[in-house]
Structures are given as structure tokens and as C-alpha cells.
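Chemist: Sharing a structure here in C-alpha cells format.
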Amino acid sequence: MNKSKVNLITGATSGIGFKLAEKLSADHDLILVGRRDKLSVAGLLPQNALYIEADFNQPAKAAEHIKDALDAANITELDQVIQCAGTGYYGQSQDEILDNVTQTLNVNLLFPTLLAHQLMTMVERTKGQMIFIGSVAHKGSPNMASYAASKAGLAGLARSLAAEWQDRINVQIIHPGPTLTPMLEKAGYKIGPERRLFLSPDVMATEIIKQMDKGHQSKTIFLGAKLKNALLGLFQRKNAA
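In the numbering used here, the protein residues as written are -6 to 234.
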């Protein structure tokens, strides 16, 4: 790998993670991690990327597998780790079955915790960034109790690691607001008139990259980003006319 920065992105085959990979591919070397098999993502992901298949619902095994794959590729340093993998369930909490609760906590909290442990030394070598993609739901969200709990835990993890790794690794957590991703449909959320309040994954990825560059420990991205991008597009079209 010969570019200036090496980025590892989890959850890179759809939604925000996919758009982050797309936008970062021009200027960064990428290691992309997803649950889909290599054949199904062939031709979909940036050609310069190393792809690692991992089952986030088996957090310890997935984290170890990713570290082993990096070792096998002789990758010893990472500039940024962007932990974007996520899942959830929408519905009343008493109706959520144990398998859904377990998967949500595995993917959204246990896996990023264990992956951070595995990759800490590699990020420390570059004094790089460990970036967690949280959610505005971390403060509590009706009908998404387990998801909200997992993201609240992730926020606590980020705060703790930021203090523990101070001056060695910059730890960030970025909380996206409502975003139109495939996870919504999988979670059972049916979008109605409130669709206009949701950001596209493309816009959200752009805003996340801006916040990554600023390096603030915690940042929430909400509807203001949609208005800002709409006004920017209007301004650009006006100047092009």
C-alpha cells in the first residue's frame, strides 16, 4: 500500500459504511470489512480495497479474524479505524426476541469493543484515530430499546477509551441522525411522511468525513446537515447557470 493513510471500515458493504468507502477511496488505502461474501461484493467496492469477510454477530471470532487477515497482508499500521457496522430491531421492547437482542448487542457493542482491543497497537503506531459511528438514539428512543442501549454503551466505550488512550490515539464517536439505510427495512421500520427528515447515506457520509477531519471527541449530525447541503447545491447550480 502506497498512499498516505490506511483506513479500515467495518459495515462497508451498505449504507453509510459503503458511502464512506466510496468517498475515501480516492485518497486513502482501504481495508473494508463486511458480512457479505467476497463474490457478492465483487465489482461493488473500490478496486484498490482489501476486503475481509467477517460475521459481526460472532464478535470475538470476527475481531480475531480481522487481525489475522491484516497480519497475513503484512499490514502493521492503521491511520483510521471507522467502526460503522450496525444492526437493530424496531418494535415494542417486550416483543423483541432474545436472538434479536443478542445480535444487536453483539454487532453494535461487543464487536466494536473487541475490535478496538485487537487493533489498538496498530492505530497507536500512527497516533491515528479510532472512530465509532453511534446514533442519536443513544439518548433513548421509543421502540428501539436494545438498539438505543447498544449505542449508549458505545458512547460510554468511546468516552472511556478517549481518556485511557489520551495522547496515543484520538478516539471519536459520531452520532448520525435519521438516515435512509438498508438497516431500517431490516429492523422493521416503515418510513412514512417523516422521510423528509432523513438524510441520504451519501450526505451523511460527507458530514461524517468532515467531522473526522475536525477530530472532536463527540459530534451529532442532524437535520441541519440536510439543509446545509441543499443550500450548497442551490448555490452551486446558480453559479453554474
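For every residue, glycine included, the Cβ atom is placed at its ideal position computed from N, Cα and C.
Compute the Euclidean distance between the alpha carbons of residue 146 and residue 18, then round it to the nearest angstrom.
Modeler: About 30 angstroms.
Chemist: Using a threshold of 8 angstroms, state whether the C-beta atoms of residue 94 and residue 123 are closer than that.
Modeler: For residue 94 and residue 123, no; Cβs fall outside 8 angstroms.
Chemist: Taking 8 angstroms as the threshold (C-beta atoms), are residue 141 and residue 241 in contact?
Modeler: The chain is shown from -6 up to 234; residue 241 falls before or after that span and cannot be answered.
Chemist: Considering just the uninterrupted stretch of the alpha helix (DSSP H) at residue 0, what are its terminal residues?
Modeler: Note, residue 0: premise wrong, no alpha helix (DSSP H); beta strand (DSSP E) at -1 to 3.
Chemist: For residue -2 and residue 40, what's the separation of their Cα atoms in angstroms?
Modeler: So the two alpha carbons sit approximately 16 angstroms from each other.
Chemist: Who pairs with residue 169 in a beta bridge, going by DSSP?
Modeler: According to DSSP, which records beta bridges pairwise, residue 169 is partnered with 214.
Chemist: Skipping 5 residues on each side, what residues in its chain have a beta carbon closer than 6 angstroms to that of residue 73?
Modeler: Once the five neighbours on either side are set aside, the close Cβ partners of residue 73 are 0, 121 and 122.
Chemist: Less than 8 angstroms between the C-beta atoms of residue 68 and residue 126, yes or no?
Modeler: No, they are not a contact pair.
Chemist: Taking the beta strand (DSSP E) that residue 75 falls in, what are its first and last residues?
Modeler: Residues 73 to 76.
Chemist: Taking the alpha-carbon of residue 75 as reference, which of 214, 129, 49 and 202 has the nearest alpha-carbon?
Modeler: For residue 75, the nearest C-alpha among the options comes from 202.
Chemist: Keeping to the same chain, check which residues put their C-beta closer than 6 angstroms to that of residue 101; ignore five residues upstream and five downstream.
Modeler: Closer than 6 angstroms at Cβ, skipping near neighbours: 79 and 143.
Chemist: Which ranges does the alpha helix (DSSP H) cover as unbroken runs of at least 4 residues, wholly within the stretch 91 to 175, from first to last along the chain?
Modeler: Qualifying alpha helix (DSSP H) stretches, in chain order: 91 to 98, 104 to 117 and 138 to 157.
Chemist: According to DSSP, is residue 22 part of a helix, a strand, or is it coil?
Modeler: In the structure shown, residue 22 sits in a strand (DSSP, three-state: E or B).
Chemist: By DSSP, does residue 27 sit in helix, in strand, or in coil?
Modeler: Three-state DSSP puts residue 27 in a strand.
Chemist: Have a look at 77, 4, 115 and 45 and flag the residue whose alpha-carbon is nearest the alpha-carbon of residue 205.
Modeler: Here the closest residue by C-alpha is 77.
Chemist: According to DSSP, is residue 46 helix, strand or coil?
Modeler: In this structure, residue 46 counts as strand in the three-state DSSP scheme.
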